[in-house]
Amino acid sequence: MKPPAALAGYDAAHVGFSVANRVATILLNRPEKKNPLTFESYAELVEIFRTAAGDESVRAFVVTGAGENFSSGGDVFEIIGPLLEKDTKGLLAFTTMTGNLVKAMRSCPQPIIAAIDGICAGAGSILAMASDIRIGTARAKIAFLFNRVGLAGCDMGACAVLPRIVGQGRAAELLFTGRNLSGDEAERWGFLNRLCDPAALLADATALAGTLARGPTFATGMTKRMLEMEWAMSVPDAIEAEAIAQALTMTTADFRRAYEAFAAKQKPLFEGD
208 MKPPAALAGY
218 DAAHVGFSVA
228 NRVATILLNR
238 PEKKNPLTFE
248 SYAELVEIFR
258 TAAGDESVRA
268 FVVTGAGENF
278 SSGGDVFEII
288 GPLLEKDTKG
298 LLAFTTMTGN
308 LVKAMRSCPQ
318 PIIAAIDGIC
328 AGAGSILAMA
338 SDIRIGTARA
348 KIAFLFNRVG
358 LAGCDMGACA
368 VLPRIVGQGR
378 AAELLFTGRN
388 LSGDEAERWG
398 FLNRLCDPAA
408 LLADATALAG
418 TLARGPTFAT
428 GMTKRMLEME
438 WAMSVPDAIE
448 AEAIAQALTM
458 TTADFRRAYE
468 AFAAKQKPLF
478 EGD
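So the sequence shown is residues 208 to 480, counted in my numbering.
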């Protein structure tokens with residue numbers, strides 16, 4: 208697949224994709240099958256998020272599913288069946304590619320908001336997990352169901368990332384059992400930032416993404432980078448790294464704009480530089 212040169216105007220072939228007001232919306236768009244992923248949609252999502260790393264036309268993402276579901280995960284007949292015919296080399300190529308999607312999501316500077324309704328299972332739950340903020344509905348059903356299909360729960364970074372969201376014990380329960388996590392429980396556990404009415408879910412997620420897109424996006428990207436990097440740092444190293452990161456952010460025009468707006472008793476208009 209040839210990667211897009213820029214995301215504004217990009218014509219996606221395997222997922223819905225649109226950009227408005229510097230917010231890109233990715234729509235998992237196979238509602239008749241609860242929006243499963245295919246080899247092609249995996250690859251396209253990797254390219255989108257990799258391109259985002261160098262594309263200032265997009266300042267925030269919303270990821271959601273068509274109909275009343277987020278995603279049922281890998282398509283049983285288009286992914287799971289063919290995997291049974293692959294040798295170890297082919298299987299490793301696939302699992303490396305799926306892991307690359309999480310890497311691309313975590314390394315792009317734009318914040319990613321997942322809007323989750325209905326079924327959010329398997330690779331769908333990983334997409335939600337890899338997002339920066341998750342908004343859902345009470346009827347959401349989130350399942351890291353790999354164990355239920357004879358696979359290990361250590362898929363696409365789940366054993367590294369999920370405990371940092373919900374805690375080690377809760378992550379172990381979800382990954383060992385593959386059980387459904389309801390929207391209400393997911394909100395209590397901190398997996399979902401908040402619950403919305405289903406009819407307002409996408410609008411709420413888009414509004415939040417718009418707020419972030421109008422913010423000081425260099426500073427937001429730096430915050431996302433440090434949230435990622437500091438997982439593997441000691442506290443003293445993290446404090447030192449944050450001193451450097453904050454000093455760099457103080458050189459931006461947005462920092463000066465914020466000061467000048469405050470002095471003039473106005474609201475700052477950030478430009479991302």
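Just so it is clear, CB atoms sit at the ideal spot from N, CA and C, and this is done for glycine as well.
In this structure, Leu434 and Arg341 do not form a Cβ contact; the two beta carbons are roughly 15 Å apart against a cut-off of 8 Å. In the structure shown, Cys327 adopts extended strand secondary structure according to DSSP, grouped into three states. Rounded to whole angstroms, the gap between the alpha carbons of Ala300 and Thr458 is 42 Å. By the Cβ test, the stretch 261-275 is in contact with the stretch 312-325, since at least three Cβ pairs between them sit closer than 8 Å.
Distance from Leu234 to Val253 at the Cβ level is roughly 17 Å; contact not present, criterion being Cβ atoms closer than 8 Å. Thr418 is bridged by DSSP to nothing; it lacks a bridge partner.
With fewer than 16 neighbouring CB atoms inside 10 Å of its own CB, Val442 falls in the exposed class.
Put simply, the stretch 384-399 touches the stretch 341-356. At least three CB pairs are less than 8 Å apart. DSSP places Arg257 inside the alpha helix (DSSP H), whose first and last residues are 246-259. Taking 8 Å as the cut-off, the beta carbon of Val230 is found closer than this to the beta carbon of Val269. Considering only Leu402, Glu285, Ala410, Ala337, the residue with the shortest C-alpha distance to Lys240 is Glu285.
When secondary structure is reduced to three states using DSSP, Leu382 falls in the helix class.
Looking at Ile287, Ala328, Ala335, Ile446, the one whose alpha-carbon comes closest to that of Gly280 is Ala328. Looking at the backbone, the Cα of Ile333 and that of Gly479 are separated by about 29 Å. Of the residues Tyr466, Glu467, Met436, the one whose Cα lies closest to the Cα of Ala452 is Met436.
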